[in-house]
Every structure is written in structure tokens, then in C-alpha cells.
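Each remark here refers to the structure printed beneath this line.
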Amino acid sequence: MSSIPHDHATGHAEEPPHAHDDHAHGPHGGIMRWVTTTNHKDIGTLYLCFSLIMFFVGGIMALTIRAELFEPGLQIVHPEFFNSMTTLHGLIMIFGAIMPAAVGFANWMIPMLIGAPDMAFARMNNWSFWLLPPAVILLGVSFFVPGGAAAGGWTLYPPLSTQAGMGMDLTIFAIHIMGASSIMGSINIITTILNLRAPGMTLMKMPLFCWTWLITAYLLVAVMPVLAGAVTMLLTDRHFGTTFFNAAGGGDPVLFQHVFWFFGHPEVYILILPAFGIISSIIPTFARKPLFGYASMVYAVAGIAILSFIVWAHHMFTVGMPAAGLLFFMYATMLIAVPTGVKVFNWLATMWKGEMTFEAPMLFAIGFLFLFTLGGFTGLVLAITPVDIQLQDTYYVVAHFHYVMVAGSLFAFFGGTYYWIPKWTGTMYDERLGKLHFWGSMIFFNITFFPMHFLGLAGMPRRIPDYAQQFADWNMVASIGALGFGLSQLIFLYAVIKCIRGDGAKAPAKPWDGGDTLEWTLPSPPPYHTFETPPVIR
Amino acid sequence: MSTHAESSDAAAARRRSANLRTALILLSIALVFFFGIIASKLIGDPTASLGVIGAAVLLYLVVAIGRNLRK
């Protein structure tokens with residue numbers, strides 16, 4: 007195992023051919039730099055900082071949930087507030103933390119990876135970001151309106167959502183705003199990748215991170231409007247006398263579930279595909295080998311995206327469906343394991359006989375590989391209709407999606423941050439802190455979420471503030487693990503702040519000797535404007 | 175020198191119009207999905223409408239990615 011290979015940075019990388027000498031206009035000073043910026047690096051930074059703040063807000067909500075569940079009985083919060091916590095924790099983590107983090111990575115890295123000077127629509131990029139804070143403020147304000155915040159779960163199923171108080175209206179508006187932001191961001195990313203690639207950078211030469219984001223952006227353009235349509239119908243049901251989802255007026259609440267999951271299942275892949283892209287950048291670098299099976303990886307991502315549109319009803323096996331429907335959705339769901347397996351085996355094959363070193367980004371990538379695969383396996387278990395009918399709405403489902411979302415997306419984003427933060431800030435992160443963060447996260451994540459499999463198999467339902475005595479022991483273990491996992495994230499915060507303040511070794515242009523993509527040809531940190539003259543790719 | 179400037183201006187204008195074209199196509203798709211899902215519920219035949227939307231999505235993904243593959 008080697009330490010970080012500073013000394014492998016080449017003279018070529020230290021004096022890069024494509025760097026701009028930064029004599030042109032730079033950023034505004036002070037707060038106006040961040041309000042008015044159209045620079046992709048600044049906007050990437052804004053997205054990443056915003057998502058980090060939201061990660062801690064959502065994390066505090068998670069700790070509130072776990073504190074209440076530490077032992078049976080009602081101790082800390084009222085049941086209504088507990089339900090609001092589970093609802094807002096889900097919404098904030100998905101729309102406030104994971105998605106903006108992925109967009110932050112896209113903003114920072116895509117132009118640098120394809121040799122573009124900036125995003126295609128720089129002003130729209132600024133607008134996409136600045137829509138997010140008002141949306142989150144609406145969610146926050148909803149706690150203080152009559153009836154409190156939305157409490158029907160992040161899925162907003164009617165009739166709970168059609169009967170809830172004003173907090174639901176604010177949540178619906180917040181979703182509209184976040185959806186508009188996502189669609190604008192996606193249009194920007196697709197246009198940038200399709201139209202602004204450097205000469206010679208064909209689609210099949212792009213780094214896989216760009217491919218995963220291209221496909222994710224297409225998914226977003228297709229499904230965010232569907233969610234917007236669903237919550238608009240919810241809004242008209244609540245205030246304008248329509249009965250889309252009201253059985254009393256001839257509507258059908260189950261219809262909402264169909265529409266919601268037509269958005270919701272692709273959304274899972276929207277959250278995980280950029281993570282696949284980051285992992286596909288990290289593993290070849292630290293295995294010092296090219297990515298195994300690049301073309302098959304691209305087709306696997308496209309395959310996963312296409313399949314994600316035809317599996318939505320596996321989230322609702324218990325609503326009552328014809329047997330043919332149950333069988334179709336069961337087999338279609340299982341089919342997703344094939345392209346996902348292609349990716350996992352390709353990552354393993356990339357590592358096979360590589361000259362691997364285990365710095366923090368690689369540790370998180372390997373942690374991702376283990377735990378995401380475990381989450382994938384429990385997904386296969388849940389795909390089996392009769393099993394799912396038993397496990398529907400139990401803690402087994404909670405365990406499954408946290409293995410996919412936390413150990414999947416979040417671990418990849420941690421790895422990606424350690425991988426690229428030397429480039430972003432010009433300062434090497436503290437490797438000791440990075441490894442401490444990894445082991446803390448890895449151990450406490452499993453202490454938190456692995457017991458939830460047992461709880462679910464034993465029949466403990468999700469979204470309840472109180473539970474039977476028989477579930478007490480594993481709940482206590484999970485709550486202790488959650489506290490440890492939360493504290494471990496403070497190490498990450500400290501490591502990131504150290505880098506931003508420049509407290510650490512100066513990063514060379516190419517801190518990882520296995521890195522061979524365009525961003526490593528730029529100095530660390532890169533100049534404010536890069537690739538104004540596009541590089542030529544051979 | 176001025177010829178070079180003109181040609182780079184022309185290239186920038188071409189790129190801007192290509193960007194705008196791509197964005198408008200994507201925006202129109204988003205609008206079709208938004209209004210389409212509401213219209214399909216108003217019409218009241220979820221099987222047909224979801225089938226049509228699903229097929230459109232598949233076709234769109236295949237065509238949109240496929241036609242750019244060799245560029």
C-alpha cells in the first residue's frame with residue numbers, strides 16, 4: 007500500500023498545455039460572486055456546499071427518528087412530528103442532498119472532462135441552482151403552518167396527502183421548484199455533452215462519468231415532468247374540486263401510485279447512475295489499469311435506464327394487480343440485475359491484477375462495491391412478488407434502500423470528493439482523516455442498517471414511532487450505529503474545511519498517477535476559465 | 175486576422191443555435207410529459223396512455239443516444 011503519490015506528478019501536468027493564464031476577467035468579489043456567477047466551477051461549488059448542508063439537516067432528522075426509536079414507547083417527539091420527520095428526511099435527502107451533490111459533481115467535472123470552456127447555458131445554470139434554496143425554505147416553513155409539515159411519507163400518497171394541512175401545499179410547491187431546477191440542469195448537461203465536446207472527443211471516448219450523467223439527464227427530462235404532473239393533480243384535487251385520486255368522485259388513489267412510481271423508480275437510477283460514473287473514474291485510477299469493458303459499461307448504463315421505466319409497479323405489489331402484471335414486473339425487475347452485474351464484474355475485472363493502492367477514494371469505492379451489491383441482492387429478494395408481499399412496508403425495505411442510497415450514492419460521492427478535492431482546492435486532503443472517515447462510516451453504517459434486515463424479517467413496520475417489545479434490542483443497536491455514523495460525518499466536514507482553507511500539502515496538477523483524463527492536465531486548483539481553446543483529443 | 179475573427183464568430187453563432195435547438199427539443203419533451211400525464215388521467219384510460227408514454231420513452235432513449243453514438 008503506498009501513500010499518496012505526489013512525486014508522480016509529471017512536469018507536463020505541472021505546466022499544462024491547456025491551462026488558461028487567467029489574465030482575463032475573474033470572479034466578482036464577496037457574496038456577489040456567488041449570487042451572480044455563471045462559472046461552472048463556482049456553481050458546482052454552490053451545489054456541493056448546498057448538498058452538504060442539506061445532508062446534515064436530513065441527518066439531524068434521521069437522528070431524531072433513531073432517538074425516538076431507541077427504545078419502545080413515545081419518548082421524545084409526538085407521533086405527528088415523527089411522521090413529518092420521516093417524510094422530510096426522505097424528501098430532503100433525495101431532492102436536497104443526493105441530487106444536488108450529483109449535479110455539483112457534474113458542474114465541476116463535465117466541462118473539464120470533455121474539454122469544454124463552461125456549461126452550454128451558463129446563466130440558466132446559475133438560475134437552476136438559485137431555485138433550490140427557496141424550495142428548501144418552503145419545506146422548512148411548512149413545519150410552522152397549521153397542521154404542520156407533510157407527514158404522509160415522501161411518496162405523498164393520497165388520501166393522506168389530499169387531506170393534509172397547508173404544509174402539503176408548500177411541499178407540492180417545493181417539489182415543483184426543485185423539479186424545474188432539475189429539468190433546467192438536465193437540459194444544460196445534455197446540451198453541453200452533445201454540443202461542446204473538444205474536437206476528437208467522440209461519445210465513445212468520453213469518460214464514463216459523462217456517459218452516466220448524459221443518461222441520467224435524459225431520465226430526468228423524462229420523469230421529473232411526470233412527478234410535477236402528479237403533484238399538480240394532487241394540488242387540483244386539494245383546491246380546485248377535481249377528483250383524479252378521490253374515489254368518492256370517481257377517481258382512483260392507486261392511480262397516483264402508478265404515476266408516482268413511474269417517476270420514482272427511474273429516480274432511484276437518477277440517484278445511483280452518477281455514482282456509478284464516479285466509481286468508474288476512481289477504480290481505474292487506483293488500480294492503474296484502464297476501465298475493463300468500457301463499451302459494455304456504456305450499454306449496461308443505457309440498459310439499466312431503459313429497464314427502469316418498466317419496473318415501477320414492483321413498489322406496489324400489494325395494491326392488487328392481475329397475476330400477469332405481477333409476473334411481468336417481477337421478471338422485469340430481476341432483469342435489471344443483468345446490466346448491474348455487468349458493471350460490478352467489470353469493476354472487479356478492472357481491479358484484477360492491478361497495482362492497487364488504497365487511499366480514501368479507493369476505500370470508498372471498494373466499500374461501495376461491497377455494500378451496493380448487498381443492497382442489490384436484497385432488491386432481488388424484494389423483486390420476488392410473494393416475498394415482497396410479506397416484506398412490504400417493513401424495515402427490510404428500509405434496510406434495502408439505505409444500502410443502495412447511502413452505501414451506494416453517498417459512499418460514491420464521498421469517494422468522488424476525496425478523489426477530486428485536490429483538483430478543486432489545490433490542497434491535498436488529510437489522508438488520515440479520510441481513512442478514519444471511511445472506517446467510521448463503514449462500521450457504523452452496517453451497525454445501523456444491517457439489523458434492520460432482521461427487524462423487517464421479524465415483521466417490524468416502517469414509519470412508526472413506537473413498536474412492540476420484541477424489536478427493542480436491534481432498534482437500540484441501530485440507534486447507536488446511527489449516532490456513530492452521524493459523528494463520523496463530522497470528520498468528513500473537518501477534512502473538507504481543511505482543504506478549503508488550504509491547510510494541507512499543496513496538490514500537484516496530477517495527484518494520482520493513474521489518472522488519465524483531461525482534468526489532470528490542468529493545474530490544481532484550475533484557473534477560473536479553462537479550455538477556452540479546446541484541446542484536441544487523439 | 176479579421177477573417178479568423180469572423181470565422182470564430184460564425185462558429186460561436188453556429189454553436190449557440192445548435193445549443194438552443196437541443197434545449198428546445200428537450201424542453202418540448204418535458205412539456206409533453208408534464209401535460210401528457212395530466213391529459214391521460216383526464217381521458218381516463220391509464221393502460222393505453224402509460225403504454226404510449228412508456229413506448230415513447232424507450233424510442234426516445236434509443237434514437238437520442240443512438241444517433242449521436244458515432245459523432
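Heads up: the sequence lines are chains A and B, in that order. Each residue of the first sequence is one higher than the last, beginning at 7 in this note's numbering. Each residue of the second sequence is one higher than the last, beginning at 175 in this note's numbering. The C-beta atom is built at its ideal place from N, Cα and C for all residues, glycine as well. Please read all numbers here as calculations on a predicted model, not as lab measurements.
In chain order, F207, F208, G210, I211, I227 make up the part of chain B whose C-beta sits under 9 Å from the C-beta of V232/A. Excluding sequence positions up to five before and after E525/A, its CB lies within less than 7 Å of the CB of M115, M118, L119, K429, all in the same chain and listed in chain order.
DSSP places M357/A in the uninterrupted alpha helix (DSSP H) bounded by 343-357. Contacts with chain B (Cβ-Cβ distance below 8 Å) from the region 284-315 of chain A involve A308, A311, I312, F315, listed in chain order. T249/A is a Cβ neighbour of G256/A, given a cutoff of 7 Å. By the 16-neighbour rule on beta-carbons within 10 angstroms, V502/A is buried. When the five nearest sequence neighbours on each side are left out, the beta carbons in the same chain lying within less than 7 Å of the beta carbon of L380/A are those of Y409, in order along the chain.
The secondary-structure analysis by DSSP pairs T379/A with nothing; it has no beta-bridge partner. By alpha-carbon distance to I497/A, the top candidate from N452/A, D258/A, R438/A is R438/A. The three-state reading of DSSP puts K512/A in strand, counting E and B together. In the structure shown, T400/A falls within a strand segment according to DSSP collapsed to helix, strand and coil. Annotation: Cβ neighbours of I203/B in chain A (cutoff 8 Å, chain order): V227, A228. In this chain, the alpha helix (DSSP H) harbouring S188/A covers 172-201. Taking all protein chains shown into account, S187/A has 16 or more neighbouring C-beta atoms within 10 Å of its C-beta and is therefore buried. About 7 Å separates the beta carbon of V237/A from that of H182/A, a gap short enough to meet the 8 Å contact definition. DSSP, read as helix, strand or coil, puts T433/A in strand. One thing to note: M105/A has its Cβ no nearer than 7 Å to the Cβ of M190/A.
When Cβ-Cβ separations below 7 Å define contact, G255/A makes no contact with chain B. L461/A and F451/A have their C-alpha atoms some 16 Å from each other. Looking at the DSSP output, P467/A sits in a beta bridge with T400/A. Annotation for W318/A: no alpha helix (DSSP H) segment contains it, and DSSP assigns it neither H nor E.
For A301/A, the enclosing alpha helix (DSSP H) begins and ends at 300-313. The three-state reading of DSSP puts N252/A in coil, since its state is none of H, G, I, E or B. DSSP places N452/A in the helix class (H, G or I) of the three-state scheme. The three-state secondary structure of H271/A, taken from DSSP, is helix. S530/A carries a coil assignment under DSSP once its states are collapsed to helix, strand and coil.
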